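Read the structure below first, then the notes.
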Amino acid sequence: MAVAPRPFQLAVEWPAAGVELTIADVDGAAIASAAERSLPYWS
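In numbering that gives the first Met the number 0, the protein residues as written are 0 to 42.
So this is what it looks like as structure tokens:
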């Protein structure tokens, strides 16, 4: 049985490039929907 997508937080930080810690709320349903339409890049 599939688990319903839930919102999650995405955090990025790249001090060498001057990017401070940034946290964004992401819609898990949107990510799951995009994953269903994705195609393999490597085979």
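All residues carry an ideal CB built from backbone N, CA and C; glycine is no exception.
None of these values were measured; they are calculated from a predicted model.
- The beta-bridge partner set that DSSP reports for L9 consists of A23.
- A23 and S42 have their C-alpha atoms some 32 Å from each other.
- If you draw a straight line from the Cα of A29 to the Cα of A3, it is about 12 Å long.
- Ranking G27, A10, D26 by CA distance to the CA of L20 puts A10 first.
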